[in-house]
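Going by mature numbering (1 follows the signal peptide of the UniProt record, and there is no 0), the letters in the sequence shown line up with residues -22 to -1, 1 to 149, in that order.
Cβ atoms here follow ideal geometry from the backbone N, Cα and C, with glycine treated the same way.
First comes the structure, then the notes that go with it.
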Amino acid sequence: MRLWLSLAIILLLLSGCSSRRGAIKHNKVQAKTIQQQKLYIEKLKSIITKQHKDYQIERKKIHQEQMKKTSETLPTKIGNVVQAPKKEIQLKKVEDNNYNADYMYPGAKKKPTPTPKVQTTPTVATKIKKGMSKTECISLIGQVKFDKYTQMFGSEEASLKRCKILKTMQN
């Protein structure tokens, strides 16, 4: 039994060490590749900066040559510049016998404005017909809700209005 226990402990220790050694080796390899990549990047940067400096020098030379050419071709005084002649245009007279004011401006004639119909004030009988009675409201929503609405709104008239709104929403 002791033999088995000692073998298990030794295997655990060795397996832990070997995996750690592999990780250390892997880290060393990664560090080496990172250093190589940094060196490669530095070389590329030096090449690019050299090419950029050469390009700037060439652009300066080209710019100076162009400035010399333009200074030779341009006149020294602004007054020497000749303007292009203006083009003279003669307008043609067009005969238009196809003109009709009614067709061109149809909205020029005012249409008679319709007179609004005068609404008469509704009588008490029509108000009762439009409104809802207490019994209709109770049959629609029930006595409990009707009492609840009267408490919430403070009067039976307000609860009747609420019933009317509910009825219109249902229809």
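Would residue i and residue j be called neighbours here (beta carbons separated by less than 9 Å)?
i: Phe131; j: Lys112; result: no
i: Ala136; j: Thr146; result: no
i: Lys142; j: Gly120; result: no
Which value, in whole angstroms, describes the spacing of the CA atoms of residue i and residue j?
i: Leu138; j: Thr91; result: 41 Å
i: Lys28; j: Ile35; result: 11 Å
i: Lys39; j: Asp32; result: 11 Å
i: Ala1; j: Val7; result: 10 Å
i: Asp80; j: Pro94; result: 29 Å
i: Tyr83; j: Tyr77; result: 11 Å
i: Asn5; j: Leu(-11); result: 23 Å
i: Ile67; j: Val59; result: 25 Å
i: Lys10; j: Lys16; result: 10 Å
i: Ile12; j: His30; result: 27 Å
i: His41; j: Gln61; result: 29 Å
Comparing C-alpha positions only, which one of the options sits nearest to residue i?
i: Ile116; options: Gln14, Leu144 and Thr93; result: Leu144
i: Gln148; options: Leu118, Lys126 and Glu134; result: Leu118
My parser needs the alpha helix (DSSP H) runs of 4 or more residues fully inside the stretch 11 to 51; what are they? none
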